[in-house]
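> In short: position in the sequence shown from 1, add 3, done, that's the numbering used here. Heads up, the beta-carbon is just placed ideally off N, CA and C, and yes, glycines get one too. Owing to the predicted nature of the structure, the values given are computational and were not obtained by experimental measurement.
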Amino acid sequence: MPTAPNVTVIPAKVQTTENRDKYHQLRVAAYCRVSTEQEEQQNSYQVQIAYYTDLINRKKEWTLAGVFADEGISGTQTKKRTEFNRMIRMCKNKKIDLVITKSISRFARNTVDCLEYVRQLKDLGIGVIFEKENINTLTMTSEFMIALYGSFAQAESESISKNVSWGKEKAYREGKVSFQYKYLLGYKKGADGKPEIVPNEAETVRSIFSLYLDGYTLHNIAQTLMNQKRTTATGKSEWSKGEIQRILKNEKYVGDALLQKTFTVDCITHKVVKNNGERPMYLITDHHTPIIDRDTFNRVQQEIARRNSKRKISDQTKTEQGKYSGKYALSELLICGHCGTPYRRRIWTKNGKKQVVWRCISRLEHGKKYCPDSPTIKEENLHRGIIRAINNYYSCRDDIVRILKANIGSVLECQGQEEILSIEKRLKEIDQARTDLVGLIVSGGCDEDKLDSEFAKLYAEEQELSERLEMLKSQNKTSAETQQKLDKVTEMIEHERFELEAFDNVLIRKLIECVKVLSKTEILVIFKGGYEVRTEIE
4 MPTAPNVTVI
14 PAKVQTTENR
24 DKYHQLRVAA
34 YCRVSTEQEE
44 QQNSYQVQIA
54 YYTDLINRKK
64 EWTLAGVFAD
74 EGISGTQTKK
84 RTEFNRMIRM
94 CKNKKIDLVI
104 TKSISRFARN
114 TVDCLEYVRQ
124 LKDLGIGVIF
134 EKENINTLTM
144 TSEFMIALYG
154 SFAQAESESI
164 SKNVSWGKEK
174 AYREGKVSFQ
184 YKYLLGYKKG
194 ADGKPEIVPN
204 EAETVRSIFS
214 LYLDGYTLHN
224 IAQTLMNQKR
234 TTATGKSEWS
244 KGEIQRILKN
254 EKYVGDALLQ
264 KTFTVDCITH
274 KVVKNNGERP
284 MYLITDHHTP
294 IIDRDTFNRV
304 QQEIARRNSK
314 RKISDQTKTE
324 QGKYSGKYAL
334 SELLICGHCG
344 TPYRRRIWTK
354 NGKKQVVWRC
364 ISRLEHGKKY
374 CPDSPTIKEE
384 NLHRGIIRAI
394 NNYYSCRDDI
404 VRILKANIGS
414 VLECQGQEEI
424 LSIEKRLKEI
434 DQARTDLVGL
444 IVSGGCDEDK
454 LDSEFAKLYA
464 EEQELSERLE
474 MLKSQNKTSA
484 ETQQKLDKVT
494 EMIEHERFEL
504 EAFDNVLIRK
514 LIECVKVLSK
524 TEILVIFKGG
534 YEVRTEIE
């Protein structure tokens with residue numbers, strides 16, 4: 004019968020902070036974090052640093068490897084926590100043996116991140132001590148407790164996020180507006196807490212709106228501002244097209260505030276997206292002093308929409324979207340009187356001499372088959388003909404005034420004047436009826452319940468009529484103000500002498516709706532407002 008083998012059991016070494024290398028101290032790092040920059044939290048931040056510095060220095064077996072502290076940073080993501088990431092890099096470089104922190108929620112509020120970094124450090128032989136939960140990751144045989152506490156921390160973040168979102172939306176409904184003045188050109192926070200206009204910055208904003216209406220592209224505006232050495236809201240001298248467009252679309256410059264234009268999708272990723280109707284938005288009108296008048300702002304929004312909606316006019320373009328060009332006004336205005344296609348500017352070279360002409364795009368790309376009768380027009384002749392038409396336009400002051408009044412005056416008539424008189428008459432009748440009812444009460448000749456009912460009917464009718472009367476008078480007041488502006492314009496046209504000598508792209512855009520090429524010797528200039536002038540071109 005074989006003899007049983009003599010087996011000696013050698014116990015496994017449990018890797019703990021107590022039985023690691025006895026001949027040198029453990030290099031211990033502390034990590035602490037506060038999530039806001041308020042004064043109370045800053046005090047907590049300083050206290051944590053002092054506490055861990057003292058704690059590590061008091062233990063003979065520990066030596067301080069550093070206190071890593073992130074201030075005013077959320078714990079739901081690690082990518083923006085610079086000190087945390089620096090600590091992890093030092094751990095990977097074997098410069099830290101142990102990490103100590105207050106709690107799992109201080110280490111990470113994201114369960115996935117928490118477990119990932121704990122595993123990474125454990126593989127490196129580095130433990131993490133969570134004081135509040137009394138957990139040392141090197142002595143644990145299961146990650147269950149860390150996952151559990153990490154889930155609690157994440158759930159707490161999600162709950163806080165929901166409460167913050169609810170609080171913001173409640174503030175929106177109450178009309179409370181917060182401004183990011185750092186990125187808002189033209190305003191600063193006033194003594195009363197409301198936006199206050201900064202004059203020199205406001206001048207830059209007005210210039211941007213004016214240049215855009217004059218036909219400048221976003222790139223042209225940016226170049227103009229840089230040439231004028233104007234600075235952005237953050238004090239930079241470089242302007243971008245995106246920055247110009249944000250200013251042009253910002254409703255704050257007209258005195259309004261649109262709230263919840265963006266929202267945070269997830270409190271863990273902190274991803275912010277544009278609100279395309281997923282959440283309600285809140286518009287507060289006339290909230291503060293405007294820099295841009297409402298009419299100018301509305302015209303700019305219309306011009307933005309017009310440029311963005313341009314469709315392609317050439318078969319040679321790759322996309323269906325047309326491109327706006329502010330270089331030549333006639334690129335927008337000059338069209339073929341035969342096929343309706345816009346004209347394009349071309350440069351011809353003959354015998355070494357260059358000549359600028361305009362040609363129908365259909366004729367250029369498809370030949371006479373699609374547009375057999377469109378002529379080629381020399382640019383200098385075209386310019387002279389348009390200048391002649393504009394001077395003719397201004398010489399016909401009586402016709403212009405008549406057209407203006409015909410097109411605009413009807414809109415400004417005091418509509419509802421008869422209704423106003425009728426309502427005022429009825430309000431007087433209601434007042435008299437109420438007096439009569441009071442007389443019946445005094446004489447005691449009527450049932451009190453019936454009288455109460457009559458009073459209620461009169462009051463309801465009076466309220467409804469009063470609101471309607473106020474609205475009609477407000478409309479008439481607006482019409483009267485607009486009529487006053489129209490009177491000033493017509494007076495200026497009637498008395499000002501004007502004669503254009505040189506072709507001006509900006510003026511052309513402001514005055515002319517379109518120019519039709521009728522033949523090689525004749526064009527039709529259609530002005531804004533409907534006035535038409537036929538003129539010859541040489």
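(1) Pull the bridge partners of proline 198 from the DSSP assignment, please.
(2) Please list the segments of the beta strand (DSSP E) lying wholly inside the region 299-378, counting only runs of 3 or more residues, in order along the chain.
(3) Using only the alpha-carbon positions, how far apart do glycine 218 and glutamine 305 sit?
(4) Inspect the beta-carbon positions of arginine 348 and tyrosine 331 and report whether they are closer than 9 angstroms.
(5) Is the region 367-374 in contact with the region 513-522, if contact means three or more CB pairs nearer than 8 angstroms?
(6) So the candidates are Val359, Gln123, Cys374 and Ile393; which of them puts its Cα closest to the Cα of glutamate 382?
(7) Rank Gln123, Leu440, Met93 and Lys531 by C-alpha distance to the C-alpha of lysine 460 and give the top, closest one.
(8) Are there three or more Cβ pairs, one per stretch, closer than 8 angstroms when the region 125-135 is compared with the region 99-114?
(9) Are serine 210 and threonine 227 close, meaning C-beta to C-beta below 9 angstroms?
(10) Going by C-alpha distance, which of Trp361, Tyr397 and Thr220 is nearest asparagine 384?
(11) Would you kindly work out how many angstroms separate the C-alpha atoms of arginine 233 and threonine 207, rounded to a whole number?
(12) Please state whether DSSP places arginine 429 in a helix, a strand or coil.
(13) Taking buried to mean at least 16 other C-beta atoms within 10 Å of its own C-beta, is glutamine 183 buried or exposed?
(14) Following the continuous alpha helix (DSSP H) through glutamate 516, name the residue where it begins and the one where it ends.
(15) Output the boundary residues of the beta strand (DSSP E) element that contains isoleucine 287.
(16) According to DSSP, what are the bridge partners of lysine 381?
(17) Between the alpha carbons of isoleucine 423 and aspartate 289, how many angstroms are there, rounded?
(18) Would you decide whether glycine 258 is buried or exposed? Buried here means 16 or more other CB atoms lie within 10 Å of its CB.
(19) Quick one: what's got a C-beta closer than 7 angstroms to isoleucine 426's C-beta in the same chain, skipping five residues either side?
(20) If you follow the beta strand (DSSP E) that isoleucine 542 is in, where does it begin and where does it stop?
(21) Identify which residue in Asp195, Ile250, Asn137 and Ile129 has its Cα closest to the Cα of tyrosine 186.
(22) State buried or exposed for lysine 531, treating a residue as buried only when at least 16 other CB atoms are found within 10 Å of its CB.
(23) Quick one, which of Lys97, Lys98 and Phe71 has its alpha-carbon nearest asparagine 88's?
(24) How would you call lysine 255, buried or exposed, if buried means at least 16 neighbouring beta carbons within 10 angstroms?
(25) Using 9 angstroms as the threshold, is the C-beta distance between valine 31 and aspartate 73 below it?
(26) What are the start and end residues of the beta strand (DSSP E) that includes arginine 89?
(27) Count the other CB atoms, across all protein chains shown, that sit within 10 Å of the CB of threonine 181; report buried if there are 16 or more and exposed otherwise.
(28) Between Ser312, Leu333, Asp376 and Asn354, which has its C-alpha nearest cysteine 342's C-alpha?
(29) What are the residues that DSSP puts in a beta bridge with tyrosine 219?
(30) Of all Cβ atoms in chain D, is any one closer than 9 angstroms to the Cβ of leucine 29?
(31) Looking only at its own chain, which residues have a Cβ that is under 8 angstroms from the Cβ of glutamate 502, when we skip the five neighbours before and after it?
(32) May I ask which residues mark the beginning and end of the beta strand (DSSP E) holding glutamate 504?
(33) Is leucine 262 closer than 9 angstroms to isoleucine 511 when the C-beta atoms are compared?
(34) Can you name the residues that DSSP bridges to glycine 238?
(35) Which of the three DSSP states, helix, strand or coil, is assigned to glycine 69?
In terms of the structure at hand:
(1) Taking the first residue of the sequence shown as 1, we reach residue 198 at position 195. Answer is Lys192.
(2) 337-339, 346-353 and 356-363
(3) Residue mapping note: residue 218 aligns to position 215 of the sequence shown, counting from 1. Residue mapping note: residue 305 aligns to position 302 of the sequence shown, counting from 1. Whole-angstrom Cα-Cα distance: 13 angstroms.
(4) Working through the sequence shown from its first residue, we reach residue 348 at position 345. Working through the sequence shown from its first residue, we reach residue 331 at position 328. Yes, they are a contact pair.
(5) no
(6) Within the sequence shown, numbered from 1, the residue matching residue 382 stands at position 379. Nearest of Val359, Gln123, Cys374 and Ile393 to glutamate 382, Cα basis: Val359.
(7) Your numbering for residue 460 matches position 457 in the sequence shown. Nearest C-alpha to lysine 460: Leu440.
(8) yes
(9) On the sequence shown, position 207 is the one that residue 210 refers to. On the sequence shown, position 224 is the one that residue 227 refers to. Contact: yes.
(10) Sequence index remark: in the sequence shown, residue 384 carries index 381 (1-based). Answer by Cα proximity: Trp361.
(11) For this step, residue 233 is matched to residue 230 along the sequence shown. For this step, residue 207 is matched to residue 204 along the sequence shown. The straight-line gap from Cα to Cα measures roughly 7 angstroms.
(12) On the sequence shown, residue 429 is found 426 positions in, with the first residue counted as 1. Residue state, collapsed to three classes: helix.
(13) Position 180 of the sequence shown holds residue 183. Under this definition glutamine 183 is an exposed residue.
(14) Taking the first residue of the sequence shown as position 1, residue 516 is located at position 513. Note, glutamate 516: premise wrong, no alpha helix (DSSP H); beta strand (DSSP E) at 515-522.
(15) Here residue 287 refers to the residue found at position 284 of the sequence shown. Segment 285-287, the beta strand (DSSP E) holding isoleucine 287.
(16) The count along the sequence shown starts at 1 and reaches residue 381 at position 378. Per DSSP, the beta bridge partners of lysine 381 are Val360.
(17) Taking the sequence shown and counting its residues from 1, the one referred to as residue 423 is at position 420. Taking the sequence shown and counting its residues from 1, the one referred to as residue 289 is at position 286. One C-alpha to the other measures close to 28 angstroms.
(18) To locate residue 258, count along the sequence shown from 1; it is residue 255. Around the Cβ of glycine 258, a 10 Å sphere holds 16 or more other Cβ atoms; the residue is buried.
(19) Residue numbering aside, residue 426 sits at position 423 when the sequence shown is read from its first letter. Excluding residues within five positions, the ones whose Cβ falls inside 7 angstroms are Leu468, Arg471 and Leu472.
(20) Limits of the chain in this structure are 4 at one end and 541 at the other, which puts residue 542 out of reach.
(21) Locating residue 186 in the sequence shown gives position 183, counting from the first residue. Tyrosine 186 has its Cα closest to that of Ile250, out of Asp195, Ile250, Asn137 and Ile129.
(22) Taking the sequence shown and counting its residues from 1, the one referred to as residue 531 is at position 528. By the Cβ neighbour-count rule, lysine 531 is exposed, with fewer than 16 other Cβ atoms within 10 Å of its own.
(23) Numbered from 1 along the sequence shown, position 85 holds the residue referred to as residue 88. Taking only the C-alpha atoms, the option nearest asparagine 88 is Phe71.
(24) Taking the sequence shown and counting its residues from 1, one reaches residue 255 at position 252. Buried: at least 16 other Cβ atoms inside 10 Å.
(25) Within the sequence shown, residue 31 is the residue found at index 28, counting from 1. Within the sequence shown, residue 73 is the residue found at index 70, counting from 1. Against a cut-off of 9 angstroms, the Cβ pair of aspartate 73 and valine 31 comes out as no contact.
(26) By 1-based counting over the sequence shown, the position of residue 89 is 86. Premise fails: arginine 89 lies in the alpha helix (DSSP H), 85-95, not in any beta strand (DSSP E).
(27) Position 178 of the sequence shown, counted from the start, is the residue given in the question as residue 181. Just to set this straight, residue 181 is serine in the shown sequence, not threonine. Exposed: under 16 other Cβ atoms inside 10 Å.
(28) For the purposes of this step, residue 342 is taken as the residue at position 339 of the sequence shown. If we check each option's Cα against that of cysteine 342, Asp376 comes out closest.
(29) Translated into positions along the sequence shown, residue 219 becomes position 216. Paired residue(s): none; tyrosine 219 is not in a bridge.
(30) Among the chains of the structure shown, chain D does not appear; only one protein chain is present.
(31) Taking the sequence shown and counting its residues from 1, one reaches residue 502 at position 499. Same-chain partners within the cutoff: Asn394 and Tyr397.
(32) Taking the sequence shown and counting its residues from 1, the one referred to as residue 504 is at position 501. Segment: none, glutamate 504 is in no beta strand (DSSP E) and carries neither H nor E.
(33) Here residue 511 corresponds to residue number 508 of the sequence shown, with the count starting at 1. Here residue 262 corresponds to residue number 259 of the sequence shown, with the count starting at 1. Not a contact, by the Cβ cut-off of 9 angstroms.
(34) The residue labelled residue 238 in the question sits at position 235 within the sequence shown. The partner list for glycine 238 (beta bridge, DSSP) is empty, contrary to what the question assumes.
(35) Counted from its first residue, the sequence shown places residue 69 at position 66. Of the three classes helix, strand and coil, the one that applies to glycine 69 here is strand, per DSSP.
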